[in-house]
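Below: one structure, written as structure tokens.
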Amino acid sequence: MTCPICQKPVDAAGPEAPFCSGRCRLIDLGNWASGKYVISTPAQSNADDDESEE
Numbered sequence: 010m011t012c013p014i015c016q017k018p019v020d021a022a023g024p025e026a027p028f029c030s031g032r033c034r035l036i037d038l039g040n041w042a043s044g045k046y047v048i049s050t051p052a053q054s055n056a057d058d059d060e061s062e063e
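According to our numbering, the sequence shown holds residues 10 to 63 in order.
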């Protein structure tokens, strides 16, 4: 497994996994907070499925 920020190898059992360090974890948090990561399409509603189960 590699760190999604810096691509360094990561110990999957490590305390910072999936990141290699606290620094990369904070960079990722900042990316979320600043809106750098977005979902490109709206989530599909399962309203039709819910109605058919009743």
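Glycine residues also receive a C-beta, built at the ideal position from the N, C-alpha and C atoms.
The closest CA to that of Cys15, considering only Leu35, Cys29, Ala42, is found on Cys29.
Bounds of the alpha helix (DSSP H) holding Asn40 are 31-43. Using a 10 angstroms sphere on the CB of Val47, the tally of other CB atoms stays under 16, which defines it as exposed.
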